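The structure appears below as structure tokens.
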Amino acid sequence: GEDVEQSLFLSVREGDSSVINCTYTDSSSTYLYWYKQEPGAGLQLLTYIFSNMDMKQDQRLTVLLNKKDKHLSLRIADTQTGDSAIYFCAERENTPLVFGKGTRLSVIA
Amino acid sequence: ETGVTQTPRHLVMGMTNKKSLKCEQHLGHNAMYWYKQSAKKPLELMFVYNFKEQTENNSVPSRFSPECPNSSHLFLHLHTLQPEDSALYLCASSQDQGTGRTGEAFFGQGTRLTVV
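Heads up: the protein sequence lines correspond to chains F and Y, in order.
Read in order, the letters of the first sequence correspond to residues 1 to 109 in the working numbering.
Read in order, the letters of the second sequence correspond to residues 1001 to 1116 in the working numbering.
Structure, rendered in structure tokens:
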């Protein structure tokens, strides 16, 4: 079946770049997504990338997609304490989206 | 504000109580979902409704009973829950028909449920 894998924890210093990685198994994925969840809140869509793209940039966020290796990454430039949250990777070929277990990003001041 | 509203935000209930969680989406989407999020399993898909029809039930115990009266509203009826059912219950919606749609899910803020 479809599966999405992420490392569970990442710790970075304020001002550094963060890179959160994700691998998926479904080669038919049409869209891939990154969501952010702050404590006590729901998931908020950060960005998405269509499967025929290999990069998408949106302000401090850069998404890289290696479709051959089924690898997705999210780079956050100049990481701030407000970026501390859980980040979920998700992929979609059909309904519903398949989510990874989430990466908890801790930003050290 | 994502356009998906869940009520209540917090709920404490006894194991013999009956309560309901409500979700409403104002986005014109045709699919709605219930997820459970706990420390043991970060995001578990429970139920999927597409055009008001239940299309997926991921082996959820019968003490959880979903209801989707129309494409904008989704309920989760709870009865005789166990303490291990304490979790954050998230509702989401998406638009899944037609080409060119990005199909992202929009989530509500969740209901934090505590079963005592």
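Every residue, glycine too, gets a C-beta built ideally from N, C-alpha and C.
Since we're looking at a predicted model, the values are computed, not measured.
Looking at residue j and residue i, is the spacing between their C-beta atoms short of 8 Å?
i                       : j                       : result
residue 1103 of chain Y : residue 1090 of chain Y : no
residue 5 of chain F    : residue 23 of chain F   : yes
residue 10 of chain F   : residue 81 of chain F   : no
residue 62 of chain F   : residue 16 of chain F   : no
residue 178 of chain F  : residue 56 of chain F   : One cannot answer for residue 178 of chain F here, as it falls past the ends of chain F, which runs 1 to 109.
residue 90 of chain F   : residue 14 of chain F   : no
residue 1050 of chain Y : residue 1030 of chain Y : yes
residue 1105 of chain Y : residue 97 of chain F   : yes
Pick from the options: whose alpha carbon is nearest that of residue i?
i                       : options                        : result
residue 83 of chain F   : F/105, F/100, F/101            : F/105
residue 1042 of chain Y : F/99, F/108, F/109, F/107      : F/99
residue 1076 of chain Y : Y/1016, Y/1021, Y/1004         : Y/1021
residue 1025 of chain Y : Y/1004, Y/1008, Y/1044         : Y/1004
residue 86 of chain F   : F/54, F/21, F/69               : F/21
residue 1063 of chain Y : Y/1009, Y/1052, Y/1016         : Y/1016
residue 47 of chain F   : F/101, F/88, F/109             : F/88
residue 1060 of chain Y : Y/1045, Y/1008, Y/1111         : Y/1045
residue 1032 of chain Y : Y/1057, Y/1047, Y/1058, Y/1085 : Y/1047
residue 66 of chain F   : F/92, F/52, F/59, F/41         : F/52
residue 1068 of chain Y : Y/1086, Y/1085, Y/1092, Y/1088 : Y/1092
If residue i and residue j are in contact, beta carbons under 8 Å, what's the gap, nearest whole angstrom?
i                       : j                       : result
residue 1079 of chain Y : residue 1018 of chain Y : 4 Å
residue 1096 of chain Y : residue 95 of chain F   : 5 Å
residue 1034 of chain Y : residue 1074 of chain Y : 7 Å
Report the rounded CA-to-CA distance for residue i versus residue j, giving the unit in angstroms.
i                       : j                       : result
residue 19 of chain F   : residue 74 of chain F   : 6 Å
residue 1014 of chain Y : residue 1115 of chain Y : 6 Å
residue 2 of chain F    : residue 1082 of chain Y : 30 Å
residue 54 of chain F   : residue 1112 of chain Y : 38 Å
residue 40 of chain F   : residue 64 of chain F   : 29 Å
residue 1009 of chain Y : residue 1086 of chain Y : 13 Å
residue 60 of chain F   : residue 93 of chain F   : 27 Å
residue 1012 of chain Y : residue 1006 of chain Y : 15 Å
residue 70 of chain F   : residue 107 of chain F  : 27 Å
Closest Cβ-Cβ distance between residue i and chain F: below 8 Å?
i                       : result
residue 1069 of chain Y : no
residue 1108 of chain Y : yes
residue 1078 of chain Y : no
residue 1050 of chain Y : yes
residue 1089 of chain Y : no
residue 1042 of chain Y : yes
residue 1114 of chain Y : no
residue 1028 of chain Y : no
residue 1045 of chain Y : yes
residue 1024 of chain Y : no
residue 1005 of chain Y : no
residue 1102 of chain Y : yes
So that I know if they touch, is there some Cβ in chain Y lying closer than 8 Å to that of residue i?
i                      : result
residue 48 of chain F  : yes
residue 39 of chain F  : no
residue 43 of chain F  : yes
residue 92 of chain F  : yes
residue 33 of chain F  : yes
residue 101 of chain F : yes
residue 9 of chain F   : no
residue 105 of chain F : no
residue 23 of chain F  : no
residue 97 of chain F  : yes
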